[in-house]
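Reading the sequence shown from the start, the letters are residues -23 to -1, 1 to 159 in mature numbering (1 follows the signal peptide of the UniProt record, and there is no 0).
No residue lacks a Cβ here, since even glycine has one placed at the ideal position from N, Cα and C.
Shown next, in structure tokens, is the structure this report addresses.
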Amino acid sequence: MRILSRFVLYVMLLASPVFVAQARSLTSTEKQKLETTVVDFNKAMRTGDYDIITKTIPPRLMEFYAKQANIDVDTLRGVMVDMTKASMALVKIEDFDMDFSAAATHELPNGEPYALIPMETVTASGLTGNKMVVRGDTLAMLDSGDWYLVRVSEAQQIAILRQVYPEFASVEFSSETMEAVK
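Laid out in structure tokens, this is it:
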């Protein structure tokens, strides 16, 4: 269940990595698919469509989490949606934006592209009303021709990503920033 709890943070904070030495332009198809993924995700975050949000988690990560929880991927997805809905009763997302126009594209050693997309989330505590702004990058990665989004601002999440997707072993990741809003 600890892994499932981390998903709640994934949804609330979505942040990520910083750079790799090489970059390449995305093909027009890759760019269009990525833009659609980002637009759909932004909309899902603003409307609370957690089913769409869970579908942006890369399949091999979902399989890893499902195996750890000893359940199938579809059951895991349902549990994640339910847990996120419950946690969002305590935290309200006041604003969310993943800025596709500012995405930086990079290339893995195997030639596969990935992107780092600036993200900003403004949350308010349902208990205190205190607001926080979280800024960071979201990792956008391809898996079997589809784009997925990954929050990788925590050491454990980075370790899991690298275990499941070893092609990211040489990518350096940074932490997000958080600040109180007055």
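- Only residues of its own chain outside the window of five on either side were considered, and among them 1, 3, 7, 82, 83, 84, 119 have a CB closer than 8 Å to the CB of residue 90, listed in chain order.
- Assigned with DSSP and collapsed to three states, residue 76 falls in coil, not helix or strand.
- Counting C-beta pairs with one atom in each stretch, the segment 57 to 69 and the segment 24 to 33 have three or more that are closer than 8 Å, which means they touch.
- Per DSSP, the unbroken alpha helix (DSSP H) holding residue 28 starts and ends at 27 to 31.
- The beta carbon of residue 49 sits closer than 8 Å to the beta carbons of 43 from its chain, once the five residues preceding and following it are set aside; these are given in chain order.
- The continuous stretches of beta strand (DSSP E) do not include residue 23, which lies in the alpha helix (DSSP H) extending over residues 5 to 24.
- When only Cα atoms are considered, residue 117 and residue 80 end up about 9 Å apart.
- Contact annotation: residue 141 and residue 135 have beta-carbon atoms that are not nearer than 7 Å.
- Residues of the same chain with their beta carbon placed closer than 6 Å to that of residue 47 are lacking, with the five preceding and five following residues left out of the count.
- When the Cα atoms are used, residue 63 and residue 22 turn out to be separated by approximately 15 Å.
- Collapsing the DSSP output to three states places residue 129 in coil.
- Annotation: the continuous alpha helix (DSSP H) that includes residue 54 extends over 50 to 64.
- The bridge partners DSSP lists for residue 90 are 84.
- Counting along the chain, residue 108 sits inside the beta strand (DSSP E) bounded by residues 108 to 120.
- Within the same chain, and ignoring the five residues on either side of residue 111 in sequence, the residues whose Cβ sits closer than 6 Å to its Cβ are -11, 98, 153, 155.
- The DSSP-derived three-state label of residue 141 is helix.
- Counting the other Cβ atoms within 10 Å of the Cβ of residue 51 gives fewer than 16, which makes it exposed.
- For residue 153, there is no enclosing alpha helix (DSSP H), as DSSP marks it with neither H nor E.
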